[in-house]
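Participant: Next up is a structure, given as structure tokens.
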Amino acid sequence: MIPPLLPTYARAPLAFERGEGPYLIATDGRRFLDFAAGIAVNALGHAHPRLVAALSAQASKLWHTSNLYQVPGQQLLAERLVAATFADTVFFGNSGAEAIECAIKIARKFHAARGEPQRFRIITFEGAFHGRTLATLAAGGQKKYLEGFGPKVDGFDQVAFGDLEGVKRAIGPENAGILIEPIQGEGGVRCVPGETLRALRALCDEHGLMLMFDEIQCGMGRTGKLFAHEWAGVTPDIMAIAKALGGGFPVGACLATERAAAGMTTGTHGSTFGGNPLAMSIGNAVLDVVLEPAFLEHVNKVANYLKQQLGMIADRYGPVIEEVRGQGLLLGLKCKVPNTLLVDALRERGMLVVGGGDNVVRILPPLIITEEHVRDAIAILNDACASLAHQPAKDAAK
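Our numbering puts the first residue of the sequence shown at 26, with every later residue one more than the last.
Given below as structure tokens:
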């Protein structure tokens, strides 16, 4: 018999009742160091006082009006995102998948508005994850997510990760743009080299394509800059963001240049809940914190310390960990044992992490962690790896 809650998740046997900074407290009283952060969502940790105050103040005034009317918080957040990025304009939705859908529509509409409606195909990359809608699943191209849902949505041509020659071969008269994550999260914390991003920018300029970045997981300060592509010194035409933008409240946004968005006129896109007053109050509060002068400096400092400590763990436990990947506080441990074993061993010891593709364990702590939190995490990780290293090989491989 099917349960009342659709069984689409393999949930851990845990439920939480409250959070405090980088900690979660379970309903049975156990305390966990949260180095998953809701899959890179809770960038400011749990119950951050600035976010609590912003939401409480707005909740007592107005929740929803729809986009039939002006929403002052939208205007403010859009202006601030434009001022801080490459973009000239912003559309607000409720999730990363919605932000990607908007990005795809903007890229297609750009060419249609110029008299080339046949240019609708998007080049994407193996290992990508762009969301769970039919279009974003097709963009990601992963068979395990596509199976059973009928014909794949047309319009996406996938090439191998980082394969510039493959991109060149895929470009044709029907192409509208290139969509890429500067760092693949779900795909195994794989960083796209800066020279590759710069080469993609050059190809898009040469062929009149839209360069589209998915910074849903790697954006909003997680790599030590506001957005990951800034490390490469390259800018996109369109960018999707979400997750940390709301600090735990559902918010997504699609950013674009004026040129890219020229075809998006009244009626071409919309959202009932997107940009509602509650979401905008939180988005502005998150930006208040992330844009503080010392915030990203702190992220870089603690991230360097964490990566150094993880490297020492990898050196010590070679039979368990193959390498440390990633940038900033989006880090991955490529495992030699099944990554689920390490995830479970850490959870048993009071630390939460999240799995990823390519047998990787993702380390995604709140951006407000300190070196003391890192030391606590490393102690737990050391103990978990020691236990796995001493397991017989046949048991570790189960």
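Don't be surprised by glycine CBs; every beta carbon is placed ideally from N, CA and C.
1. Which of the three DSSP states, helix, strand or coil, is assigned to isoleucine 208?
2. Just to confirm my understanding: we take alanine 174, look at its own chain, exclude 5 residues before and 5 after, and list those with CB closer than 8 Å. What are they?
3. Is threonine 114 helix, strand or coil when you go by DSSP?
4. Would a C-beta distance cut-off of 8 Å place phenylalanine 116 and leucine 377 closer than the cut-off?
5. Rounded C-beta distance between cysteine 360 and isoleucine 338? I'm assuming under 8 Å.
6. Drop a sphere of 10 angstroms on the beta-carbon of alanine 422, count the other beta-carbons inside from all chains shown, and report buried for 16 or more, exposed for fewer.
7. Just how far apart, CA to CA, sit lysine 326 and glycine 246?
8. So, are the CB atoms of alanine 387 and glycine 353 less than 8 Å apart?
9. Checking the sheet assignment: what are the DSSP bridge partners for lysine 359?
10. Between lysine 419 and the rest of its own chain, which residues show a CB-CB distance below 8 Å, the 5 nearest in sequence each way excluded?
11. Please report how far the alpha carbon of glycine 152 lies from the alpha carbon of lysine 86, in whole angstroms.
12. Tell me which residue opens and which closes the beta strand (DSSP E) that alanine 414 is part of.
13. Going straight from the alpha carbon of glycine 44 to that of alanine 253, what length do you get?
14. If you reduce the DSSP assignment to three classes, tell me which class aspartate 239 lands in.
15. So, for cysteine 279: in the same chain, excluding its five sequence neighbours on each side, which residues have a beta-carbon less than 6 Å away from its beta-carbon?
16. Per DSSP, alanine 124 is paired with what?
17. Secondary structure at glutamate 45, three-state DSSP: helix, strand or coil?
18. May I ask you to report which of helix, strand or coil DSSP gives isoleucine 338?
19. Please report the straight-line C-alpha distance between phenylalanine 145 and arginine 223, rounded to a whole angstrom.
20. Applying the criterion that 16 or more other CB atoms from any shown protein chain within 10 Å of the CB defines a buried residue, is proline 47 buried or exposed?
21. From the DSSP output, which residues share a beta bridge with asparagine 92?
22. Pop quiz: asparagine 200 and isoleucine 131 are said to be a contact at Cβ under 8 Å. What is the actual Cβ separation, rounded to whole angstroms?
23. With distances taken between CB atoms, is the gap from alanine 269 to valine 399 smaller than 8 Å?
24. CB alanine 109 to CB leucine 251, shorter than 8 Å?
25. Using the beta-carbon count (16 or more within 10 Å), is isoleucine 23 buried or exposed?
26. Please report the straight-line C-alpha distance between isoleucine 208 and threonine 90, rounded to a whole angstrom.
27. Would you check if the region 306-315 and the region 98-109 touch, i.e. whether three or more CB-CB distances between them fall below 8 Å?
28. What distance in whole Å lies between the Cβ atoms of glycine 63 and valine 214, which are believed to be in contact at a cut-off of 8 Å?
29. Do you know how far the Cα of leucine 371 is from the Cα of glutamine 333?
30. With burial defined as no fewer than 16 other Cβ atoms inside 10 Å of the residue's Cβ, what is the status of lysine 169: buried or exposed?
31. From the DSSP output, in three-state form, read off isoleucine 64 for me.
Facilitator: This is what the structure holds:
1. strand
2. A small fix is needed here, since residue 174 is phenylalanine in this sequence, not alanine. Here the set comprises Leu159 and Leu162.
3. strand
4. Not a contact, by the Cβ cut-off of 8 Å.
5. Between isoleucine 338 and cysteine 360 the Cβ distance is about 12 Å, and since that is not below 8 Å, they are no contact.
6. Since pLDDT at alanine 422 reaches only 46, below the 50 mark, its modelled position is unreliable, and the value read off the structure follows with that caveat. Classification for alanine 422: exposed.
7. 13 Å
8. Position check: residue 387 holds arginine in this sequence, whereas alanine was assumed. Result no, Cβ atoms of arginine 387 and glycine 353 do not sit closer than 8 Å.
9. Glu348 and Val385
10. Per-residue confidence for lysine 419 stands at a pLDDT of 47, beneath the threshold of 50, marking its modelled position as unreliable; no derived number is given.
11. 44 Å
12. Element bounds for alanine 414: not the beta strand (DSSP E) but the alpha helix (DSSP H), 396-414.
13. In this structure, the CA atom of glycine 44 is about 28 Å from the CA atom of alanine 253.
14. strand
15. Excluding residues within five positions, the ones whose Cβ falls inside 6 Å are Phe116, Ala124, Cys127, Ala128 and Ala265.
16. Alanine 124 pairs with nothing; no bridge assigned.
17. Correct three-state label for glutamate 45: strand.
18. Under the three-state reduction of DSSP, isoleucine 338 is assigned to helix.
19. 23 Å
20. buried
21. BP columns for asparagine 92 are empty, so no partner.
22. With 8 Å as the limit, asparagine 200 and isoleucine 131 do not qualify as a contact, their Cβ atoms being about 15 Å apart.
23. no
24. Contact: yes.
25. Outside the modelled stretch of the chain, which goes from 26 to 423, sits residue 23, for which no answer is possible.
26. About 36 Å.
27. yes
28. About 17 Å separates the two Cβ atoms, so there is no contact after all.
29. 19 Å
30. Exposed.
31. helix
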